[in-house]
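Residue numbers (this note's numbering), protein chains in the order written: chain P, 1 to 168; chain D, 169 to 367; chain S, 368 to 537. For each residue, glycine too, the CB sits at the ideal point set by N, CA and C. Okay, structure first, notes after.
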Amino acid sequence: MDENLAQGLVHGLRAAGVDFITYLPETRLSQILPLLQNDSSFQLVPVGSEAEGVSIAAGAALGGKVVASYMEGTGVYVSCYNILTVGVRYGVPMLLLVSYVGSFEDHRNSFLYVQRGIKLIPQLEALDVQYQVIRNGERLEGKVKGAVRMMNALKQPVALLFTEDFTL
Amino acid sequence: MIRYECFEWLAPLMTDQLVVTSLSGQRVEWGHLSKREADLNLGSMGNALAVGIGLALALPQRKVFVFESDGSVLLSLFNLPTLANLNPPNMAVFVFDNQAYSGTRISYPSATAGKTDLAAVAKGSGIEHSVTVSALADFKKEATAALHDGGLRFVVCKIEESVGHRNITRSDVDLLETKYRFVRYLERTEGKPIFQGRG
Amino acid sequence: MKAELANRMVVALKNSGIDFISHVPETRLSEMLPLLKADDTFMLVPVASEAEAVGIAAGAALAGKRAAVYMEGTGVFVSAYNLLTVGIRYGVPMLLLVSYIGSVEDQRNTFLYSQYGCRMIPQLEALGIEYRIIEDGGNIGAKVSNAVRAMHALKQPVALLFTGEFTEAQ
Numbered sequence: 001m002d003e004n005l006a007q008g009l010v011h012g013l014r015a016a017g018v019d020f021i022t023y024l025p026e027t028r029l030s031q032i033l034p035l036l037q038n039d040s041s042f043q044l045v046p047v048g049s050e051a052e053g054v055s056i057a058a059g060a061a062l063g064g065k066v067v068a069s070y071m072e073g074t075g076v077y078v079s080c081y082n083i084l085t086v087g088v089r090y091g092v093p094m095l096l097l098v099s100y101v102g103s104f105e106d107h108r109n110s111f112l113y114v115q116r117g118i119k120l121i122p123q124l125e126a127l128d129v130q131y132q133v134i135r136n137g138e139r140l141e142g143k144v145k146g147a148v149r150m151m152n153a154l155k156q157p158v159a160l161l162f163t164e165d166f167t168l
Numbered sequence: 169m170i171r172y173e174c175f176e177w178l179a180p181l182m183t184d185q186l187v188v189t190s191l192s193g194q195r196v197e198w199g200h201l202s203k204r205e206a207d208l209n210l211g212s213m214g215n216a217l218a219v220g221i222g223l224a225l226a227l228p229q230r231k232v233f234v235f236e237s238d239g240s241v242l243l244s245l246f247n248l249p250t251l252a253n254l255n256p257p258n259m260a261v262f263v264f265d266n267q268a269y270s271g272t273r274i275s276y277p278s279a280t281a282g283k284t285d286l287a288a289v290a291k292g293s294g295i296e297h298s299v300t301v302s303a304l305a306d307f308k309k310e311a312t313a314a315l316h317d318g319g320l321r322f323v324v325c326k327i328e329e330s331v332g333h334r335n336i337t338r339s340d341v342d343l344l345e346t347k348y349r350f351v352r353y354l355e356r357t358e359g360k361p362i363f364q365g366r367g
Numbered sequence: 368m369k370a371e372l373a374n375r376m377v378v379a380l381k382n383s384g385i386d387f388i389s390h391v392p393e394t395r396l397s398e399m400l401p402l403l404k405a406d407d408t409f410m411l412v413p414v415a416s417e418a419e420a421v422g423i424a425a426g427a428a429l430a431g432k433r434a435a436v437y438m439e440g441t442g443v444f445v446s447a448y449n450l451l452t453v454g455i456r457y458g459v460p461m462l463l464l465v466s467y468i469g470s471v472e473d474q475r476n477t478f479l480y481s482q483y484g485c486r487m488i489p490q491l492e493a494l495g496i497e498y499r500i501i502e503d504g505g506n507i508g509a510k511v512s513n514a515v516r517a518m519h520a521l522k523q524p525v526a527l528l529f530t531g532e533f534t535e536a537q
C-alpha cells in the first residue's frame, strides 16, 4: 500500500490509544510494520500463528493494554477458536486489523485467496464479531477511533477489514 | 507425583503472583485450593500459555504463573517458539503432564505417553530453562525458584493420572465473573484502569 | 455415551465404508475409541489438534481412503482454516464426527461449553459445510451412510453433530 496510507493507519492507531499489537506478517498491509517498529508508542509482539496472536493480545488487554492483532484474512479462520473463547466468550476488547484478501476490491485477488475472501464476513458473523470494511484513507483516523470505542464499549473483539487502496 | 499435593504445597505460598489456568483437573484443583482474585481461570484448552504471555508483557513488574496440561500445550504447540523468543523474565510455566486426555474417561494417551518430550520441545524452541520434574521435592525446588528468582522457566511436571478432582464440587463462578474479579483486582493493585470507557 | 450406542455407531461407520479416522479425543463420544481401535477395518490416527486432524484426513482422502475426523465441537473452530482451505476450497470429501457440546440437548452442558454450542451452526454455515444433527441412535446406520454419500457427491466435508442420547454418561 501507499506510504501515506500506511502512515495514516499507524497515526490512527496511535491516536485511538492502541499501544500493544500482536502480528503475523502478511502481504497487503506490511508497510505499517517498520513504522510501528520505529514508534515507541507501540509494544509489538511477533507471533507464529494468528491463534496465539489473539490469545496473547487478550492477556495484554487483561493487563491494561489497548490491544490490536494484525493479521491476514486467513488468520481469522486460524484464530476463530481463540476469538470465540478468549475474545467473545470471555469478553475481552481487542481490535482485529485484517487484510481482506480475496475480497472483490482486493487488487491482488486470485484463485489462491478468493475463497477466504468470500467467506470472511459470514465467518465473522458466525462468531458474532462486529466489523467494518475500509477501502481508502478517507476519515481513517475517525474510523479507527470508532472501532476502538466500539470494542471498549462492547468488551469484545471488533474487526477492521482493509481492502481496495490498502491492497495496491 | 500427585498434582493435588503440588498445589496443596504451593497455594499458601502465593502472594501477588498472577495465575492463569487452562482446562482439565488442574483448573478444578487449583480453584478449590486457591480462591485468590489473582487467579484467572480461562476454562479452555490451548489458550492459557498465550494469555499468560500477554499478561507478562503488559505487566513486566508482576510475576505470572501458568498452569497448563499436556493436552492443552500440544494443541497450541506454536506457543513455544514464540515464548522462547519473547523470553519474558517474569513468567513461569508449569505443565502438569499426566500423559493422557483424562477428561475422555477412557484415559486416552496423549503424545507425551508416546515419544514426545515436552521439555525437549521447549528446549529446542529456545527456552533455556526447560526441565522435567517427577518428584514432589523437585517440583518444590522449581516452584520456589519461580517464586523468588527472575527468568523464564518451563517446568514439565510428570504426574500420575489422578482423578481426585472429580470428587471436588465444581465451581459455579461463571467465566465472566472470574474475568471481572481478576480485572478489578489488577485495577486496584496496579492503580490503573484496565478496561476503557465509562457508562 | 452408552456402550451399546457406541457399538452401533462403529458398525454404522464400518458399513458406510469409512476406513480412516483421525481424531482428538474428547468427552462425549469417547467410548467408541476402544472399539475403533480394536477393529482393523479402521486406520486410526490420534493427533493433538483438530487442525492437523483435518489436514491428515484430507491427505488420506486424496490417496483413496474414506476419511472421517472425530472431534469435539470446539475442534470445528480450531480447524476452521483447514476445513476451508483443504476441505471446501480444494474439495476433499471427509466426514466430520462432531460431539455437539454446549448444544441445548447436550446432557453435560455448562457455562464452559454453551458458547461453542450456540455458535456451532453459524460456524458450519459460514464455511458452507452441510450438517445433520443426530439426537438419538435410531436409524443410525442410514444417517451415517447418507452423510457419507453426501460427502462423496459434494466432494466436501460433511458434518454429523451428535447430541442428546450421545452425550449421556456411560
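Could you tell me whether the Cβ of S:Leu-400 comes closer than 8 Å to any Cβ of chain P? no
Report yes if the C-beta distance between P:Tyr-70 and P:Leu-97 is below 8 Å; otherwise report no. yes
Quick check: what's the CA-CA separation for D:Val-299 versus P:Ala-147? 44 Å
State buried or exposed for P:Asp-2, treating a residue as buried only when at least 16 other CB atoms are found within 10 Å of its CB. exposed
Per DSSP, which one or two residues make a beta bridge with S:Leu-527? S:Leu-464 and S:Arg-499
Are the C-beta atoms of S:Phe-529 and some chain D residue less than 8 Å apart? no
Shorter than 8 Å from the beta carbon of S:Ala-514 to some beta carbon of chain P? no
Find the residues of chain S that neighbour P:Pro-81, judging by a C-beta separation of less than 7 Å, and give them in chain order. Note on identity: in this sequence residue 81 of chain P is Tyr, with Pro being the wrong assignment. Going along chain S in sequence order, the residues near P:Tyr-81 (Cβ under 7 Å) are Thr-441, Phe-444 and Val-445.
Note down, in chain order, every chain P residue with its Cβ under 9 Å from the Cβ of D:Pro-249. Gly-48
Can you list, in chain order, the residues of the region 20-40 of chain P whose Cβ is nearer than 7 Å to any Cβ on chain D? Phe-20
Between which two residues does the beta strand (DSSP E) harbouring D:Asp-357 extend? Reading the sequence as shown, one finds Thr at residue 357 of chain D and not Asp. Not the beta strand (DSSP E): D:Thr-357 falls in the alpha helix (DSSP H), residues 343-358.
Quick check on D:Thr-189: does DSSP put it in helix, strand or coil? strand
Please return the same chain residues whose Cβ sits closer than 7 Å to the Cβ of D:Tyr-353, not counting the five positions on each side in sequence. Glu-205 and Ala-206
When burial is assigned at 16 or more other CB atoms within 10 Å of the CB, is P:Ile-118 buried or exposed? exposed
Is it the case that the Cβ atoms of S:Ser-466 and S:Leu-400 are separated by a distance below 8 Å? no
Go ahead and label P:Leu-44 buried or exposed: buried means 16 or more other beta carbons lie within 10 angstroms of its beta carbon, across all protein chains shown. exposed
Please determine if the region 206-218 of chain D and the region 371-389 of chain S are in contact, where contact requires at least 3 C-beta pairs separated by less than 8 Å. no
If you measure between the beta carbons of D:Val-232 and D:Met-213, is that distance less than 8 Å? no
With a threshold of 8 Å between beta-carbons, can S:Arg-456 be considered close to chain P, or not? yes
Which residues, in chain order, does the region 419-432 of chain S contribute to contact with chain D at a C-beta distance below 8 Å? none
May I ask which residues mark the beginning and end of the alpha helix (DSSP H) holding P:Gln-115? 114-118
Go through its chain and collect everything with a Cβ distance to D:Leu-225's Cβ below 8 Å, but skip five positions before and after it. Leu-254 and Pro-256
Name, please, each residue of chain P whose Cβ falls closer than 7 Å to the Cβ of S:Tyr-448. Thr-74, Tyr-77 and Val-78
Contacts of D:Gly-222 in chain P (Cβ-Cβ under 9 Å): Phe-20, Thr-22, Val-45, Ser-55, Ile-56, Ala-57, Ala-58, Gly-59, Ala-60, Ala-61, Leu-62, Gly-63, Lys-65 and Val-67
Per DSSP, what kind of secondary structure is S:Val-453 in: helix, strand or coil? helix
D:Ala-279 CB to nearest chain S CB: under 8 Å? yes
For S:Glu-393 and chain D, any beta-carbon pair shorter than 8 Å? yes
If you compare alpha carbons, which of P:Pro-122, P:Ala-51 and P:Arg-14 is closest to P:Lys-65? P:Arg-14
Am I right that S:Ser-446 and S:Glu-417 are in contact with their C-beta atoms under 8 Å? What's the rounded C-beta distance? 4 Å
Using 8 Å as the limit for Cβ to Cβ distance, is P:Asn-152 near chain D? yes
Contacts of P:Gln-130 in chain S (Cβ-Cβ under 9 Å): The contacting residues do not exist; P:Gln-130 stays about 15 Å from chain S at best.
Between the region 263-272 of chain D and the region 335-344 of chain D, are three or more C-beta pairs nearer than 8 Å? no
Here's the rule I'm using: 16 or more other beta-carbon atoms within 10 Å means buried, otherwise exposed. How should P:Asn-4 be labelled? exposed
On the DSSP bridge list, what partners appear for P:Pro-46? P:Tyr-23
How is D:Val-289 classed by DSSP in three states: helix, strand or coil? helix
Going straight from the alpha carbon of D:Val-323 to that of D:Thr-312, what length do you get? 12 Å
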